[in-house]
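**Student:**
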Ligand code: MSP
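Written out as structure tokens, the structure is:
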């Protein structure tokens with residue numbers, strides 16, 4: 048086991064009845080950036096994603112596809128695994144809830160809850176929405192145009208009446224409120240935390256945690272007539288992946304649990320911030336440290352839906368705009384936690400503005416001036432002036448600020464902060480005008496270009512989590528060895544060595560030219 052501190056981060060596990068779209072890619076992307084950041088910052092990261100394969104919704108989709116649920120999930124789970132390559136995700140483990148390791152973990156957790164007196168047999172009569180795999184109270188429902196009952200999420204509900212095991216959720220109300228109170232960072236952002244607190248304060252009822260009317264699920268230990276409620280099964284994935292029920296010192300569980308962060312969309316916060324910590328505490332296991340609920344994307348102002356035909360596949364964005372560009376846009380455009388709208392205009396604006404004009408142009412100007420005027424090698428700096436010290440100092444202080452923003456999952460702030468320094472550096476180029484110094488004062492020119500090369504080195508190291516490919520290209524162009532790209536290499540100790548030969552510069556952020564778009568129909572109309 049590593050002696051570095053653990054950082055364990057998870058995505059929700061995705062229902063396999065859908066094809067992956069940008070909403071799914073967004074959740075995993077946010078985790079990927081944090082996972083990459085923490086690895087560069089010296090943590091032993093475990094980054095988990097996977098697929099949620101049991102339950103009535105998946106069973107129905109398999110029937111519609113005319114195959115048995117296992118073959119169906121074997122096939123469609125691969126679509127989610129493929130996202131890893133498409134989006135350049137650095138996932139360490141990909142869990143499927145149909146794996147034996149997971150079934151064993153679910154049954155062990157169930158047994159523990161049973162032994163602790165947290166489960167009893169009863170019968171459930173109430174409303175259930177298969178689309179959400181969630182139970183609803185009658186007072187939460189409205190009537191749809193066809194007379195059917197509809198949940199607040201828009202999902203159609205059906206009346207269910209069957210024997211069911213219940214979890215004693217009501218008994219956990221005060222301890223949950225106490226958890227939220229003692230650990231104010233447990234739920235973020237704060238507006239969502241308040242929603243959860245009012246929900247719990249309004250009163251909890253015991254939760255139905257087994258079903259008998261279908262069998263695509265984990266069998267309840269000792270009672271084969273029941274399968275576990277899919278959310279109990281799904282949430283357990285987070286401890287399966289660290290080896291639960293093996294929890295002794297020295298095991299992956301002991302090293303990684305409790306997880307540092309469960310990243311989820313706002314629609315599934317209640318399951319993660321209410322049910323999950325209650326299940327864990329009831330089984331004498333510690334709850335995760337934090338759950339962050341992000342917002343939802345709409346497309347050109349509309350909800351993404353199959354019927355509107357506006358569902359955007361991550362593959363399409365990546366092939367149209369580029370992989371790093373897509374990653375950058377999704378995390379820059381919208382304050383993380385808020386809902387956001389995807390529009391072609393907005394992404395093109397970001398690509399041509401922030402990436403091509405600001406970051407790309409800075410890199411291109413500096414690297415090509417060094418190539419032309421310094422014989423293609425890192426120039427040797429002379430005495431530093433105030434302006435040089437100011438830029439260097441801004442650059443040396445970036446990591447602390449950026450780390451603070453990442454720990455709050457404030458990607459937009461992190462990027463904003465990095466772009467402030469890019470702006471400072473571009474202004475410094477304009478003020479120092481190294482192109483004129485090449486004739487009047489070559490020594491001063493060398494100093495200015497050295498300061499800029501060091502600035503670029505810092506920027507490229509810090510943008511690796513967001514834009515791994517472009518940052519790696521920049522670092523290669525600065526001849527920074529792959530083992531010199533960690534955050535510990537930031538600062539003056541590992542500064543560029545004058546005289547190091549640099550490869551020929553090459554632009555990394557091309558402008559997006561409209562006719563290059565491969566899709567002129569579809570989501571953007
Ligand atoms: N299977 C459950 C999660 C179980 S976790 C123990 C599930 N799966 S899901 O596939 O429906 O959704 C997975 C994630 O995708 C959720 O975090 C959800 O918020 C996110 N998104 C789905 N559509 C989205 C958008 N349009 N925009 C942003 N995120 C969205 O729920």
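Residue numbers (the numbering used here): 48 to 572. For glycine and all other residues, C-beta sits at the position ideal for the given N, C-alpha and C.
(1) Could I get the ranges of all uninterrupted beta strand (DSSP E) runs contained in the stretch 174-238, with 3 residues as the minimum, in chain order?
(2) For the stretch 299-344, list the beta strand (DSSP E) runs that are entirely contained and at least 3 residues long, ordered along the chain.
(3) Buried or exposed for residue 232, going by 16 or more other Cβ atoms inside 10 Å?
(4) Could you check if residue 175 belongs to the surroundings of the ligand MSP, using beta carbon to heavy atom distance under 7 Å?
(5) Please report the Cβ distance between residue 194 and residue 182, rounded to the nearest whole angstrom; I am assuming they are in contact, meaning their Cβ atoms lie under 8 Å.
(6) With a Cβ-Cβ cutoff of 8 Å, do residue 155 and residue 291 count as a contact?
(7) Does the ligand MSP have even one heavy atom less than 7 Å from the beta-carbon of residue 373?
(8) Can you tell me whether DSSP reads residue 165 as helix, strand or coil?
(9) Express the C-alpha separation of residue 385 and residue 556 in angstroms, rounding to a whole number.
(10) Give the secondary structure of residue 547 by DSSP, where H, G and I count as helix, E and B as strand, and everything else as coil.
(11) What residue range does the beta strand (DSSP E) around residue 95 cover?
(12) Does the beta-carbon of residue 181, which I'm using as the reference point, lie nearer than 7 Å to any heavy atom of the ligand MSP?
(13) Short check: CB of residue 283 to CB of residue 421, under 8 Å?
(14) When every heavy atom of the ligand MSP is checked, does at least one fall within less than 7 Å of the C-beta of residue 243?
(15) Using CA coordinates, which residue listed in 414, 374, 285 and 424 is at the minimum distance from residue 402?
(16) Report yes if the C-beta distance between residue 341 and residue 389 is below 8 Å; otherwise report no.
(17) So within the stretch 380-423, which uninterrupted alpha helix (DSSP H) runs reach at least 4 residues, ignoring any that extend past its ends?
(18) Please classify residue 565: does DSSP put it in a helix, a strand, or coil?
(19) Give the secondary structure of residue 571 by DSSP, where H, G and I count as helix, E and B as strand, and everything else as coil.
(20) What do you get for residue 9, buried or exposed, if any count of 16 or more other CB atoms within 10 angstroms of its CB means buried?
(21) Does DSSP put residue 532 in a helix, in a strand, or in coil?
(22) Got a sec? Which residues, its chain only, sit under 7 Å from residue 280 by beta carbon, not counting five neighbours each side?
(23) Jot down the residue ranges of each uninterrupted alpha helix (DSSP H) in the stretch 269-298, minimum 4 residues, whole runs only, in chain order.
(24) For the beta strand (DSSP E) containing residue 558, list its first residue and its last residue.
(25) Could you tell me whether any non-hydrogen atom of the ligand MSP is closer than 7 Å to the CB of residue 65?
(26) Does the count of Cβ pairs from the stretch 126-145 and the stretch 81-101 closer than 8 Å reach three?
(27) Answer yes or no: the CB of residue 394 versus the heavy atoms of the ligand MSP, is any distance below 7 Å?
(28) Using a Cβ distance threshold of 8 Å, determine whether the stretch 316-329 contacts the stretch 205-224, with at least three qualifying pairs required.
(29) Taking 8 Å as the CB-CB limit, is residue 198 close to chain C?
(30) Spell out the partners DSSP gives residue 57 in its beta bridges.
(31) Considering only heavy atoms of the ligand ADP, does any lie closer than 7 Å to the CB of residue 61?
(32) Keeping to the same chain, check which residues put their C-beta closer than 7 Å to that of residue 131; ignore five residues upstream and five downstream.
(33) Between residue 288 and residue 295, how many whole angstroms is the CB-CB distance? I'm expecting something under 8 Å.
(34) Starting from residue 141, trace the beta strand (DSSP E) both ways and give me its first and last residue.
(35) Starting from residue 106, trace the alpha helix (DSSP H) in both directions and tell me its first and last residue.
(36) What's the C-alpha gap between residue 62 and residue 503?
**Tutor:** Judging by the given coordinates:
(1) Every beta strand (DSSP E) of 3 residues or more that sits fully in the stretch 174-238 is shown, in chain order, as 181-183 and 205-214.
(2) Entirely contained in the stretch 299-344, the beta strand (DSSP E) runs reaching 3 residues are, in chain order, 308-312 and 338-341.
(3) With fewer than 16 Cβ atoms within 10 Å of its Cβ, residue 232 is classed as exposed.
(4) Outside the cutoff, so no.
(5) With a Cβ gap of about 21 Å, residue 194 and residue 182 do not count as contacting.
(6) Going by C-beta atoms, residue 155 is nearer than 8 Å to residue 291.
(7) Checking every heavy atom of the ligand MSP against the Cβ of residue 373, none is found closer than 7 Å.
(8) Residue state, collapsed to three classes: coil.
(9) Spanning the two alpha carbons is a distance of roughly 27 Å.
(10) The three-state reading of DSSP puts residue 547 in coil, since its state is none of H, G, I, E or B.
(11) Segment 91-99, the beta strand (DSSP E) holding residue 95.
(12) No - the ligand MSP has no heavy atom lying nearer than 7 Å to the Cβ of residue 181.
(13) Their beta carbons are not under 8 Å apart, which means residue 283 does not touch residue 421 by this criterion.
(14) Not one heavy atom of the ligand MSP is found less than 7 Å from the C-beta of residue 243.
(15) With distances taken between Cα atoms, residue 402 lies closest to 374.
(16) For residue 341 and residue 389, no; Cβs fall outside 8 Å.
(17) Fully enclosed alpha helix (DSSP H) runs of 4 or longer: 391-397 and 408-420.
(18) Any reading at residue 565 must be qualified, since the residue scores a pLDDT of 48, below 50, and its modelled position is unreliable; the value itself is stated next. It is coil, neither helix nor strand.
(19) At residue 571 the pLDDT is 35, less than 50, meaning the model places this residue with poor confidence and gives no usable figure here.
(20) This structure cannot speak to residue 9, because the chain is shown only from 48 to 572.
(21) Note: residue 532 maps to coil in three-state DSSP.
(22) If we look at residue 280 and ignore the five residues flanking it on each side, its Cβ neighbours are 101, 144, 153, 264 and 265.
(23) Considered as a whole, the stretch 269-298 harbours 277-287 as its complete alpha helix (DSSP H) runs of no fewer than 4 residues, in chain order.
(24) In the DSSP assignment, residue 558 falls outside any beta strand (DSSP E) and carries neither an H nor an E.
(25) Distances taken from the Cβ of residue 65 to the heavy atoms of the ligand MSP include one shorter than 7 Å.
(26) With the cut-off at 8 Å, the stretch 126-145 and the stretch 81-101 touch.
(27) For the ligand MSP, no non-hydrogen atom lies closer than 7 Å to the CB of residue 394.
(28) The answer is yes - the stretch 205-224 touches the stretch 316-329, with three or more Cβ pairs under 8 Å.
(29) In the structure shown, chain C cannot be found, because there is only a single protein chain.
(30) Answer by DSSP bridge pairing, in chain order: 95 and 309.
(31) Although the ligand ADP was asked about, the structure shown includes only the ligand MSP as ligands.
(32) Within the same chain, residue 131 has close Cβ partners 138.
(33) The C-beta separation of residue 288 from residue 295 comes to about 17 Å, leaving the pair out of contact by the 8 Å criterion.
(34) Looking at the DSSP string, the run of the beta strand (DSSP E) that includes residue 141 is 140-143.
(35) Where residue 106 is concerned, the enclosing alpha helix (DSSP H) stretches over 103-111.
(36) When rounded, the separation of the alpha-carbon atoms in residue 62 and residue 503 is 41 Å.
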